[in-house]
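These notes are about the structure you will find just below.
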Amino acid sequence: MLSRVASNLYWLGRYLQRAENTARLVNVNALLLLDLPRGIPFGWQPLVQITGSDDLFRSIYGDDFSESNVVRFLLLDQRNPGSIHSSLHAAREILRTVRDAMPREVWEKLNDLHYFVIGQGEGALTRSRRGAFLQRVIDGTMLVYSVLSFNMSQDVGFQFLRIGTNLEQADMTTRILDVRSTSLLDPTGRPEQLAPLYNIQWMSVLRSLTAYQMYRRHVKARVNRTGVLRFLLQNRDFPRSVTFCLSRIAATRAHMPESRSVERTLLRVRALVQDANVDKLVEGGLHEFIDEVQMGINDLHEAVTSSFFTV
Amino acid sequence: MAIDWRQYRCENFYDELFQAPGTPRPAARTLADYLDDLSEPELAERRLAAELAIKVMGISFTVYSEGKNVDRAWPFDIIPRVIPLSEWQKTEAGLKQRVHALNLFIQDLYNDQKIIKDGIFPAELLRESVNFRKQCLGVKPAHGVWAHICGSDLVRDKDGTMYVLEDNLRVPSGVSYMVENRLVTKRVFPELFESQTILPVDDYPAQLYDTLCAISPRPLDQPNVVLLTPGIFNSAYFEHSYLAQQMGIELVEGSDLFVADDDCVYMRTIYGPKRVDVIYRRIDDLFLDPEAFNPDSILGVPGLMRAWINNRVALANCPGAGVADDKVVYAFVPKMIKYYLDQDPIIPNVPSYLCMDPSDRSYVLANLDKLVVKPANESGGYGMLIGPRASKDELDKFRKLIESNPRNYMAQPTLALSTAPTLMEDGSVEPRHLDLRPFILSRGSVDSTYVTTGGLTRVAMVRGSLVVNSSQGGGAKDTWIVDFDDVPTQTQSQGGAA
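Here it is, written out as structure tokens:
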């Protein structure tokens, strides 16, 4: 396996997962806002913060975090490398360069989705058509991934795809937790008025990660902050929890060339997440903790890059 | 009935499918009848199905224009071009003969140069050739083959004679489209493949792979063969990735490879360096190795020429093979066939006037408005003058170009290229000019040479145009070699079935 191809597969996994997560995020936020009373000091800006592109957004749109600006920015804006359009474009460009390593059907599915986003994207800016558009993006990315899983030999190349996919998901899950928890913990308006809405907001966190149903089945308790944090950080069975993603990365080891630095970093980040005392974190230090996890994820990215891609 | 063949105006040229309006050639009768039976909406539907298939399959090519690389869907006409097997077998034999002679010629030029010593080929032509690589002198590649892959362009004149228009011995492209065109046609007209014997084309990647494995400098069961591409921005990138995929070999870029102190070539993998035995290179000579050629090239691999000369790696095609696809050298191919094989060419050359020859030159200059003038080393239809269509300024410009550098130009009569029915936007059918590019794989002897069944048919989509290059508005058709003796002659009775 060429280093360049391995790197491309890794990024392909990341971009596909990013497109899907972004679509879910926008979808859920729209639903959440419908449940909130007018004048609530929180709207579309957190989505930009979650994707870590606050500065970029401001440089393009200034301080106007209006629905139309944010939705355009996240869905279609080619100036935003993390937008759905850009992610799919990047995934497609990568697929073009690794087409020889891929089952043909993957290319056909992704190509199809890419043309759909280009063709129908503008329509998705209006609320009425957005839901269907985003659902199609979600379906499309999952279809690509599923074709990959069933039709591509699960050789070493596939492991890089898995690492990319899971690393991106772990990254996105922690970002969502980070932004949602800070914006929820420090309500600027009157706290007593917001109190009943907390749970709706935590439910929306779960929904952005399609975790609501699984949470209910696993936790068997009403939705609350501690429960949600514990579930999304430490649950061993839910595919979008940070622990699960990291364990999937660890599971690639059997098929991969050895790398001490990847192993060491992975061990460290997994321990950090698994050993965290969530009850305590809720009382203070959550943001700092998530920061640490994020840095760990970034270290893992660096370790993979230096071990396998820059030979 | 969507197509009324009686209205098909094909009298002015040799048409590949029709003898006269309303009268198909025997090998094309099944096809013509079938199309005749389709209703207008059905035909439109088939066309849409083809467009969709091309888009979904991602068959594309890249055009460089206005400073940007644009990935365009492959322009494809759904009406195939039909050639009877009996005619094709003769063409095939002609191509094998021709490419074998070309390989002998290249081997001779880089070694003994007998053809020059014997006065057949002028030494001055070699001295001035821009594709002659002195670095290759004395090299004897495996089986004496320099051009393992050749794409020769065939055209038919008004009387139906097939000519070789040029040979592409450097990095000919288009073969992937030949294979893909067939896949599209199968999706669009599956019925036609049941009622007659259309020879398959998809054997090419396997044949190419065998050809490449056979030149490995190490005797291995599975040599490490790679395809070297300039990258995603190259116009033929689609093909590079396609062929690598079909052969199951790595598609590499220059930066994936390096030459170590042992003069061997290695590729960078996640397990560390891995030795490469054969490189099917799709980048031009001058970009192959910045140490040997263009020092600014970032596409190539430093030291690659050293590795090749020391027989640590095989390159296909060999560097320097392009010396024989120069359009002036082309004029000498019939003489080469005679000289090396003592045979007459099976497929003729288009009559050519070499501007380096004083009498030819004065003829060319006097008849510029009737001739096609080609520079020796351009490809893709660039830098050409089509006399009958040129403005006075263009004629003057070429007159000066020829006078200042006669060696660089040759001229040919304007051929009345053959046509084939082509479906227009509005659903009507009109004749369009076309050519044919078969691909020839050489393995050291005439008998072991492989020729594709048919090849890539390129069509000039613009009415009256003779330029078939996809970079300049050309399209393509599927090419059918039909074993038409198998076809029942009672086609009339089957006609109304659909």
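Just so you know, the protein sequences line up as chains A and B, in that order.
Going by this note's numbering, the first sequence opens with residue 3, and the numbers climb by one from there.
Going by this note's numbering, the second sequence opens with residue 8, and the numbers climb by one from there.
Every residue gets a Cβ at the ideal spot worked out from N, C-alpha and C, and that includes glycine.
If the cut-off is 9 Å on Cβ atoms, which residues from the region 245-271 of chain B count as contacting chain A, listed in chain order? Here the close residues are F245, H247, S248, Y249, L250, A251, Q252, Q253, M254, G255, I256, E257, L258, V259, E260, S262 and D263.
With 8 Å as the threshold, decide whether the Cβ of B:R189 is near any Cβ in chain A. The sequence position of residue 189 of chain B within the second sequence is 182, counting from 1. Chain A contact via Cβ: absent.
Is the shortest distance between the beta-carbon of B:R289 and the beta-carbons of chain A less than 8 Å? To locate residue 289 of chain B, count along the second sequence from 1; it is residue 282. Not closer than 8 Å to any Cβ of chain A, the Cβ of B:R289 fails to qualify, so no.
Any contact of the region 152-163 of chain B with the region 102-117 of chain B, i.e. 3+ C-beta pairs under 8 Å? By the Cβ rule, the region 152-163 of chain B counts as touching the region 102-117 of chain B, because three or more pairs are nearer than 8 Å.
What's the call for B:R289, buried or exposed, on a 16-neighbour Cβ count within 10 Å? Position 282 of the second sequence, counting from 1, holds the residue named residue 289 of chain B. Around the CB of B:R289, 16 or more other CB atoms lie within 10 Å, so the residue is classed as buried.
Tell me, please, whether the CB atom of B:V182 is closer than 8 Å to any CB atom in chain A? Sequence index remark: in the second sequence, residue 182 of chain B carries index 175 (1-based). Not an interface residue.
Counting beta carbon pairs with one atom in the region 154-164 of chain A and one in the region 234-241 of chain A, are three or more of them shorter than 8 Å? The count of Cβ pairs closer than 8 Å, one atom from the region 234-241 of chain A and one from the region 154-164 of chain A, stays below three, leaving the stretches out of contact.
A:S88 in three-state terms, based on DSSP: By 1-based counting over the first sequence, the position of residue 88 of chain A is 86. Correct three-state label for A:S88: helix.
By the 8 Å beta-carbon criterion, what residues does the region 56-67 of chain B contribute toward chain A? So the list reads K62, V63, M64 and G65, given in the order they occur along the chain.
Which runs of the beta strand (DSSP E) fall wholly inside the region 167-226 of chain B and span at least 3 residues, in chain order? For secondary structure counted as the beta strand (DSSP E) over 3 or more consecutive residues, the region 167-226 of chain B holds these complete runs in sequence order: 169-175.
Buried versus exposed, by CB contacts within 10 Å (16 or more), A:L187: Locating residue 187 of chain A in the first sequence gives position 185, counting from the first residue. Unreliable positioning characterises A:L187 in this predicted model, as indicated by a pLDDT of 45, which lies under 50. A coordinate reading is not provided.
Go ahead and pull the three-state DSSP assignment for B:D364. Along the second sequence, read from residue 1 onward, the residue named residue 364 of chain B stands at position 357. In this structure, B:D364 counts as coil in the three-state DSSP scheme.
Start and end residues, alpha helix (DSSP H) containing B:L422: Position 415 of the second sequence, counted from the first residue, corresponds to residue 422 of chain B. It is not in any alpha helix (DSSP H) - B:L422 carries neither H nor E in the DSSP assignment.
Quick one, which residues of the region 106-128 of chain A are near chain B if we go by CB-CB under 8 Å, in chain order? Result list: R106, W109, E110, N113, D114 and Y117.
Could you tell me if A:T267 is buried or exposed, where buried requires 16 or more neighbouring beta carbons within 10 angstroms of its beta carbon? Counting from 1 along the first sequence, the entry for residue 267 of chain A is found at position 265. Classification for A:T267: buried.
Taking 8 Å as the threshold, find out whether the region 260-277 of chain A comes into contact with the region 298-306 of chain A through three or more Cβ pairs. Yes, they touch.
List the residues of chain A that B:M274 touches, going by C-beta distances under 7 Å, in chain order. Translated into positions along the second sequence, residue 274 of chain B becomes position 267. Chain-order list of chain A residues neighbouring B:M274: L4, by C-beta distance under 7 Å.
According to DSSP, is B:T276 part of a helix, a strand, or is it coil? Locating residue 276 of chain B in the second sequence gives position 269, counting from the first residue. If DSSP states are grouped into helix, strand and coil, B:T276 belongs with the strands.
Establish whether the CB of A:R101 and some CB of chain B are separated by less than 8 Å. Working through the first sequence from its first residue, we reach residue 101 of chain A at position 99. Closer than 8 Å: yes.
If I'm right that A:S210 touches A:L27 with Cβ under 8 Å, what's the distance once you round it to whole angstroms? Indexing the first sequence from 1 puts residue 210 of chain A at position 208. Indexing the first sequence from 1 puts residue 27 of chain A at position 25. Contact holds; Cβ gap of about 5 Å.
Whose Cβ in chain A lies nearer than 8 Å to the Cβ of B:Y216? Here the question's residue 216 of chain B lines up with position 209 in the second sequence. Residues of chain A passing the Cβ test: none, with the nearest at roughly 13 Å.
With a Cβ-Cβ cutoff of 8 Å, do B:N110 and B:A149 count as a contact? On the second sequence, residue 110 of chain B is found 103 positions in, with the first residue counted as 1. On the second sequence, residue 149 of chain B is found 142 positions in, with the first residue counted as 1. In this structure, B:A149 does not lie closer than 8 Å to B:N110 by Cβ.
DSSP on A:L187, reduced to helix/strand/coil? Residue mapping note: residue 187 of chain A aligns to position 185 of the first sequence, counting from 1. Any reading at A:L187 needs caution, since the residue's pLDDT is 45, under 50, leaving its predicted position unreliable; the model's value is listed next. Per DSSP, reduced to three states, the secondary structure at A:L187 is helical.
Could you give the distance in angstroms between the alpha-carbon of A:G229 and the alpha-carbon of B:Y244? For this step, residue 229 of chain A is matched to residue 227 along the first sequence. For this step, residue 244 of chain B is matched to residue 237 along the second sequence. It is roughly 51 Å from the alpha-carbon of A:G229 to the alpha-carbon of B:Y244.
Please report whether the beta-carbon of B:I239 lies at a distance below 8 Å from any beta-carbon of chain A. Taking the second sequence and counting its residues from 1, one reaches residue 239 of chain B at position 232. So yes, B:I239 belongs to the interface.
Taking the DSSP output, what are the residues bridged to B:S159? Position 152 of the second sequence, counted from the first residue, corresponds to residue 159 of chain B. Per DSSP, B:D174.
Determine whether the Cβ of B:Y278 lies closer than 8 Å to any Cβ atom of chain A. Position 271 of the second sequence, counted from the start, is the residue given in the question as residue 278 of chain B. So, interface residue.
Enumerate in chain order the residues of its own chain whose CB-to-CB distance from A:R16 is below 6 Å, with the five nearest sequence positions on each side excluded. Working through the first sequence from its first residue, we reach residue 16 of chain A at position 14. If we look at A:R16 and ignore the five residues flanking it on each side, its Cβ neighbours are G166 and E170.
Which value, in whole angstroms, describes the spacing of the CA atoms of A:R242 and B:V89? On the first sequence, position 240 is the one that residue 242 of chain A refers to. On the second sequence, position 82 is the one that residue 89 of chain B refers to. Going from the Cα of A:R242 to the Cα of B:V89 covers about 56 Å.
Is B:R36 helix, strand or coil by DSSP? Walking along the second sequence from the start, residue 36 of chain B turns up at place 29. Correct three-state label for B:R36: helix.
Close-in-space but distant-in-sequence residues of the same chain around B:L375 (CB under 7 Å, 5 per side omitted): Position 368 of the second sequence, counted from the start, is the residue given in the question as residue 375 of chain B. Taken in chain order, the residues that qualify are G394, L402, F405 and R406.
B:P82 Cβ short of 7 Å to the ligand PLP heavy atom set: This structure lacks the ligand PLP, and indeed carries no ligand of any kind.
Leaving aside the five residues before and after B:L329 along the sequence, list all residues of the same chain whose C-beta is less than 7 Å from its C-beta, in chain order. Here residue 329 of chain B refers to the residue found at position 322 of the second sequence. The sequence as given places Gly at residue 329 of chain B; Leu does not occur at that position. Excluding positions up to five away in sequence, the list reads N138, L176, R177 and D292.
Which same chain residues, not among the five before or five after B:A57, have their C-beta less than 7 Å away from its C-beta? Indexing the second sequence from 1 puts residue 57 of chain B at position 50. So the qualifying residues of the chain are F83, I85, V191 and V195.
Please list, in chain order, the chain B residues whose beta carbon lies closer than 8 Å to that of A:F310. Here residue 310 of chain A refers to the residue found at position 308 of the first sequence. Below the 8 Å Cβ cutoff, chain B contributes I277 as neighbours of A:F310, in chain order.
Just mark B:P115 as buried or exposed, buried being the case when its beta carbon has 16 or more other beta carbons within 10 Å. Locating residue 115 of chain B in the second sequence gives position 108, counting from the first residue. Here the sequence assigns Asp to residue 115 of chain B, which means Pro is not the residue at that position. Result: buried.
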